[in-house]
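Trainee:
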Amino acid sequence: MMGLLIWIEESGLGIYVREDLWGFAIALSMHAVGMAAVLGVVVVTNLRVLGYVSDIPVLSYTNLFPVAWLGFAINLTSGIMLYASHATEYTYQAVFMLKLGLLLLGGILMKVMMNFIRANRDAFQVKLISAICLASWVGAVITGRLMAYA
Amino acid sequence: MNPAIMTWLSSTPVSDAMRNIFWMWPVMENLHFLGLSIMFGALLAVDLRVIGLAPAIPMRAAMGLIPLVLIAFSINLLTGLAFILADPYRYFYNLAFQWKIGLIFLAGVNALWFWFGEHSKLVLLGPGEQADFPAKVIAGLSLVIWVAVILLGRLIPYLE
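Residue numbers (this note's numbering), protein chains in the order written: chain A, 4 to 153; chain B, 186 to 345.
(1) Taking 8 Å as the CB-CB cut-off, is B/E314 touching chain A?
(2) Starting from B/P211, follow the alpha helix (DSSP H) in both directions and report where the run begins and ends.
(3) Please list, in chain order, the residues of the region 330-344 of chain B that have any C-beta partner in chain A closer than 9 Å.
(4) Can you grab the Cα-Cα spacing for the pair A/T91 / A/G147, in whole Å?
(5) One question on the structure: do A/F119 and A/I132 come within less than 8 Å of each other, judged by their Cβ atoms?
(6) Could you give the residue range of the alpha helix (DSSP H) that holds B/G249?
(7) Quick one: what does DSSP say B/G198 is sitting in, helix, strand or coil?
(8) Reducing DSSP to helix, strand and coil, say where A/I59 ends up.
(9) Taking the alpha carbon of A/F68 as the point to measure from, which residue in B/M213, B/G226 and B/N261 has its own alpha carbon closest?
(10) Between B/M203 and A/N123, what straight-line distance do the alpha-carbon atoms span, to the nearest angstrom?
(11) Is it buried or exposed for A/A97, if we count other Cβ within 10 angstroms and need 16 for buried?
(12) Take B/W300 and list the residues in its own chain whose beta-carbon comes closer than 8 Å to its own, dropping the five residues that flank it on each side.
(13) Taking beta-carbon pairs under 7 Å, can you tell me which members of the region 207-226 of chain B lie near chain A?
(14) Using only CA atoms, which one of A/W72, A/W25, A/L53 and A/Y19 lies nearest to A/A126?
(15) Out of curiosity, what's the CA-to-CA distance linking A/I29 and A/E13?
(16) Give the straight-line distance between the Cα atoms of A/G17 and A/Y55, rounded to the nearest whole angstrom.
(17) Of all the options A/A138, A/V129 and A/A87, which has the alpha carbon lying nearest to the alpha carbon of A/V46?
(18) Taking 8 Å as the limit between beta carbons, can you name the residues of its chain near A/L149, skipping five residues before and five after?
(19) B/L310 and B/M244 - do their beta-carbons sit closer together than 8 Å?
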């Protein structure tokens with residue numbers, strides 16, 4: 004395992020992001036913009052499901068999903084760059100693993116919630132999933148930020 | 186910036202709390218991140234509808250998200266102020282910060298143009314109806330400026 008992590012860190016990408024004057028700063032800035040797009044769309048969609056500005060149809064928020072996916076692509080790319088630069092460190096950070104788990108949970112719940120809405124499932128069930136979904140995404144941002152302190 | 190003002194800014198109770206209570210800085214950072222994301226998300230819904238990329242969103246109803254934009258902006262104004270009070274010398278001489286503040290003022294002017302120049306016309310738009318060209322320019326500028334603000338904010342530690 005450690006051998007693999009060292010290989011990732013010593014790859015061209017790992018060295019560039021870690022040692023270039025702008026490598027880490029560029030990846031981190033991209034990561035902030037991608038976060039704003041993904042979390043922004045997730046938050047407004049879930050707030051709507053929970054009842055905020057209810058005269059906007061819930062399904063019309065799917066118009067914003069391509070932007071959320073664009074943000075996700077930006078963050079997958081910049082996230083891989085950041086991870087490659089400090090693979091031996093991040094892999095053993097509990098907050099990082101928690102962040103990945105919360106992202107996975109938040110993503111799955113977003114999909115389940117939209118399926119439930121399209122299937123006209125019970126409104127309470129949908130709101131419950133939405134609340135947990137929103138909490139997962141907020142948790143993912145917080146644990147991500149706390150990586151700098153771990 | 187006048188040295189006396191800087192000294193005064195760095196000696197408020199908030200400044201002390203930010204410097205001496207270990208969890209203050211990360212808590213403010215997290216609120217700042219959440220605030221920027223919420224604000225950007227609400228702006229995406231409004232601006233993409235105006236631009237024409239989110240035609241299913243009713244324009245008039247989308248204006249109901251503007252209070253959320255203002256609440257999220259207030260969170261970031263207050264948490265941002267806490268960072269400045271903790272260490273004004275770090276920020277006022279920082280190139281990324283100077284540009285960021287300049288762009289926030291520009292975004293504010295753009296928002297006033299939106300509110301006073303276009304809002305009354307936009308709320309009359311029917312389902313899927315296109316906004317006029319100036320409104321689309323304002324909405325596009327809004328998204329571009331705020332993306333730049335986020336990028337510059339994240340670059341503050343790297344442009345010292």
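Ideal Cβ placement from N, Cα and C applies to all residues, glycine included. As the structure is a computational prediction, the values presented were derived from the model and not from experiment.
Mentor: The answer reads as follows:
(1) Not one chain A Cβ lies under 8 Å of B/E314.
(2) Its alpha helix (DSSP H) spans residues M209 to I236.
(3) Those would be W331, V332, I335, L336, L337, G338, R339, L340, P342, Y343 and L344, in chain order.
(4) Taking the straight line from one Cα to the other gives about 17 Å.
(5) Yes; because the gap between Cβ atoms is below 8 Å, this pair is in contact.
(6) Counting along the chain, B/G249 falls outside any alpha helix (DSSP H), and DSSP gives it neither H nor E.
(7) It is Pro, not Gly, that sits at residue 198 of chain B in the sequence shown. Helix.
(8) In the structure shown, A/I59 adopts coil according to DSSP, grouped into three states.
(9) If we check each option's Cα against that of A/F68, B/G226 comes out closest.
(10) Straight across, the Cα-Cα distance linking B/M203 with A/N123 is about 48 Å.
(11) Burial is judged here by how many other beta carbons sit within 10 angstroms of a residue's own beta carbon; A/A97 has fewer than 16 and is exposed.
(12) Excluding sequence neighbours, B/W300 sits near nothing in its chain.
(13) Residues passing the 7 Å Cβ filter: P211, E214, N215, F218, L219, L221, S222, I223, F225 and G226.
(14) That would be A/L53, whose Cα lies nearest to the Cα of A/A126.
(15) So the alpha carbons of these two residues sit roughly 19 Å apart.
(16) A/G17 and A/Y55: Cα-Cα distance of roughly 43 Å.
(17) Comparing Cα-Cα distances from A/V46 to each of A/A138, A/V129 and A/A87, the minimum goes to A/A138.
(18) Within the same chain, and ignoring the five residues on either side of A/L149 in sequence, the residues whose Cβ sits closer than 8 Å to its Cβ are V98.
(19) With respect to B/L310, B/M244 sits close: the two C-beta atoms are nearer than 8 Å.
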